[in-house]
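Sequence lines, in order, name chains A and B. For the first sequence, the numbering used here assigns the number 1 to the initial residue and increments by one for each residue that follows. For the second sequence, the numbering used here assigns the number 1001 to the initial residue and increments by one for each residue that follows. See below for the structure under consideration.
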Amino acid sequence: MEPVTLTLMIGVGLAGAIAFIAGIIEDAESDAGSASNPNSQVQLAPQIGHIIRYYDKAIAGEPPQNGLWAAAACTIALVVSWRFLDLGIGQYYAVFFAAVVGAAIVCLVQGCFGVFAHLSRIASFNPFKQPLYWDALLTPLPYSMGLAFLTALLLTLLAFITGGLLGNPFAPPLLALIFGVSLGSIASGTGDIQYGAERLYQHHIFGSGIQISKMGDIDLKGEYGFRNSVDTPYFCMRLGGTITAFAFGLIIFLDGWTRLFTFAGAWTSVILEAIVVIVLFIFLVWLEKFTRNSYGPYPGQEDL
Amino acid sequence: MTDEIPAEEVEKKEIPNIKLYIVAMITGIIGYYILLANPNLAFISIILAWPAIVAGAGGVEHLCRYGLGTGTSSIGYWGTAVGATVVFATIFISSQVFNLYSPFIVIIVGTIIGYIVGLCAERIINMKIPQQAQQSFIITGSAAIFILIVLEVLSSGGVATTELYYTFPVIYIGTALVILHPYNGSLGAGEKQSRTLLLALCEASLITTLFGIIGVLLPNAPFIPALGVLIISLIGLVVFVRWWWKLTKRDTYDVVWSGYPAGVEH
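In structure tokens, the structure reads:
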């Protein structure tokens, strides 16, 4: 096997694996801070009269905040790695340790943003008599910061691998921003559906929606005691995290494979990506038909 | 909820965003020229750049109070994208990266684009948000002047190096987040303008701390200006957080170390 192909294959494998782990951790991070879908329930609960003990991180939607963590960590890592290279440290060591430095700084920034958002939101819940519980903030905070550290570190490494081993022409910070925003969107759209609602509202008919008076019920009782922000990732790691990881890892992995072939010049990856999209489309249509045939139509959509 | 302040009284106390915007533009332009005269005075310029974030956050607050919901992040994203693109584009157009006219160009172009898009949303899409065009240009113009000053600090007095281009993504997304987050973070029935705008100051100093760290490490960038930005941002962060926490504590219903809601089984 040619060395170039071998490097590319190692790059594809590494990128896919890192993307997969980053997916699991990013979804857990957003759930620990009630950043995305659980957020609406956390926000609604005090209005319905349920006092919560959740860490309400709420950093402006998952995609932008995740984009900031990744882009900031990667930019710091890049400038630090240049300094390391000046000191005579080897290229790979420089990149890895610089990525750790970048992620560490970013995790502190994430903690600051999280504390700001939590305290401000609790203060804005004043008309609903929601008190500020310090322990409800301080328990999940280091957990959430740790997960943010890992997400930023992995996305930084992913950006460096894509830029270095896979030869992507864009600069690593830009790649990190794009990866961060896409991972945030995937975790928000794919992963956060499985945050426990399907278990707590299982006595409602599937697809019937949740009444306003039932909003926020999900935030009250945990597996043991009062439900808090550490319980949500406990549940979400099993389904939401792995589904996010699967979606993001597959995108990076399949995209990487297209770089291994060169049969049609610059158009190779366009043709291969089109084939991948068509195959996925056919499979998903078949899956949807199979599900509807097996379990019947959604309530209220019998005529569709 | 009888002890709530009546809505009219709240309205009366609030500062109109257009005033914040005018102040931010004046301080921004002064900050720019200070930096142009002497790059080592970057720490003064960065203080003068923070009001731009306050004005932008005020614009987001005004627009999103009318129930935009998840649109909070979209509007901040969009407004900063306009401001950032205008600033980044001026770098590529002019042979001399930053000149005497730069702040006026970015403010005027940013404001016009923001106004046109806001007007389209108001007239064509009929979103029924009062002063939508005005608040839109407040966001875009504020983002433009803030990014201009940050970029000038990082560019070692106006020299566009290849290394500088690597910082564009983080400058864009960082500014977007600090403009849209103050309102998003303070969302709720008891949200107040004073607290939201103070949070904008806290976050502005936090993000300039991050830019300061990047500037200190950036090759070819002047070390002293970036260090000045880093130190003054950290001091600003401490001062603003203490101020903001006073207001937050006053507004919070109750502050306890631990406990459970009364009358709920656990």
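We treat Cβ as the ideally placed atom computed from N, Cα and C, and that holds for glycine.
At a cut-off of 9 angstroms between C-beta atoms, Asn126/A counts as an interface residue with respect to chain B.
Under DSSP, Leu132/A forms a beta bridge with Val1255/B.
Judged by DSSP secondary structure, Ser213/A falls outside any alpha helix (DSSP H); it is assigned neither H nor E. Taking all protein chains in view, the Cβ of Ala1089/B is surrounded by fewer than 16 other Cβ atoms within 10 Å, so the residue is classified as exposed.
Residue state for Lys1013/B is assigned as helix, using DSSP reduced to three classes.
If you check each beta-carbon in the segment 63-77 of chain A against every beta-carbon of chain B, the ones closer than 7 angstroms belong to Pro64, Gln65, Gly67, Leu68, Ala71, Ala72, Thr75 and Ile76. The straight-line gap separating the alpha-carbon atoms of His1062/B and Leu165/A is approximately 47 angstroms. For Val1216/B, the uninterrupted alpha helix (DSSP H) segment begins and ends at Gln1193 to Leu1217. In this structure Leu137/A touches Tyr55/A by the C-beta definition: roughly 6 angstroms separates them, less than 8 angstroms. By the CB criterion at 9 angstroms, Val1106/B and Ile1145/B fall inside the cutoff. Taking C-beta separations shorter than 8 angstroms and ignoring five residues to either side along the sequence, the partners of His50/A in its chain run Gly216, Asp217, Asp219 and Leu220, following chain order. Within the same chain, and ignoring the five residues on either side of Val230/A in sequence, the residues whose Cβ sits closer than 8 angstroms to its Cβ are Ala32, Thr139, Pro140 and Tyr143.
For Trp1257/B, the chain A residues whose Cβ falls inside 9 angstroms of its Cβ are Tyr133, Trp134 and Asp135, in order along the chain.
DSSP, read as helix, strand or coil, puts Lys221/A in strand. The beta carbon of Pro1219/B sits closer than 9 angstroms to some beta carbon of chain A. Beta-bridge analysis with DSSP links Phe226/A to Lys221/A. The DSSP-derived three-state label of Asn126/A is helix. Three or more Cβ pairs drawn from the segment 1203-1222 of chain B and the segment 1150-1168 of chain B lie within less than 8 angstroms of each other, which places the two stretches in contact. DSSP, reduced to helix, strand and coil, places Asp255/A within a helical segment of the structure shown.
Listed in chain order, the non-local C-beta contacts of Arg1195/B below 8 angstroms within the same chain comprise Ser1186, Trp1244, Leu1247, Thr1248 and Asp1251, local neighbours out to five positions each way being set aside. According to the DSSP assignment, Met145/A belongs to the alpha helix (DSSP H) that extends over Pro140 to Gly164. Apart from sequence neighbours up to five positions away, the residues of its chain that approach Phe20/A with a beta-carbon distance below 6 angstroms are Ala245 and Gly249, ordered along the chain. Between the segment 1219-1234 of chain B and the segment 8-26 of chain A, the count of Cβ pairs shorter than 8 angstroms is below three; the stretches do not touch. A straight line joining the alpha-carbon of Ala247/A with that of Ala1204/B spans about 34 angstroms. Counting every other CB atom within 10 Å of its CB across the protein chains shown gives Pro1130/B a total below 16, marking it as exposed.
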